[in-house]
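Please read the structure below before turning to the comments.
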Amino acid sequence: MPNYISRPIRELVTLNWVFTSKLDRFDKYSVQVEMTKDQVPAFSSLGVKINPARDGSDKFVCNLSRKPANSKGIPKSVTVVDKAGMPLKEIVANGSKGYVIIEEYDYEHPTTKKMTHGCNLIGIQVTELVKYEMQEPVFDVVGTMSDNKEQTKDLF
622 MPNYISRPIR
632 ELVTLNWVFT
642 SKLDRFDKYS
652 VQVEMTKDQV
662 PAFSSLGVKI
672 NPARDGSDKF
682 VCNLSRKPAN
692 SKGIPKSVTV
702 VDKAGMPLKE
712 IVANGSKGYV
722 IIEEYDYEHP
732 TTKKMTHGCN
742 LIGIQVTELV
752 KYEMQEPVFD
762 VVGTMSDNKE
772 QTKDLF
């Protein structure tokens, strides 16, 4: 049985792609953490995979996630609070600032049978909120493909 240790990472980071009110495309709660080179050791010491940011800047990123239920099927979520520690109701947009809390654990890998290290995202404290605002749709609603056979036949 894994031994779990909760640990706040005391580094103010930029939060991107925050999925805490719904699941991401991998059916997990997740956040992409953007950090400076000086902040990398705080995350890499926990076994978190860190990559250079793709935008050509001198930043680094890592993805933290958590499954919506544990191995026993018990639902789990990610706690999101504001700087006063109160539950945050707004959707967190890219560029928000804050802190993350992870849960570390060691476990035996099911295939290799070797001991390995993992972590789960368990909380986010947002200190500078950028509110997510829904954008207007780019396309007009034009009906179903069957309604537009004549208009779309040259596209395929």
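Residues 622 to 777 in this note's numbering are what the sequence shown lists, from first letter to last. A virtual CB, placed ideally from N, CA and C, is assigned to each residue, including glycine.
- Per DSSP, reduced to three states, the secondary structure at residue 731 is coil, with no helix or strand assignment.
- Per DSSP, reduced to three states, the secondary structure at residue 752 is strand.
- In the structure shown, the three-state DSSP call for residue 674 is coil.
- Residue 628 counts as exposed, since fewer than 16 other C-beta atoms from the protein chains shown sit within 10 angstroms of its C-beta.
- Note that the C-beta distance between residue 750 and residue 717 is below 7 Å.
- If you look at residue 665, you'll find it in the alpha helix (DSSP H) that goes 661 to 665.
- Restricting attention to 736, 719, 672 and 720, the CA atom closest to the CA of residue 726 is found in 736.
- In this structure, the CA atom of residue 656 is about 17 Å from the CA atom of residue 713.
- Sequence-distant Cβ neighbours of residue 719 in its own chain, meaning closer than 6 Å and more than five residues away, are 636, 745, 746, 747 and 748.
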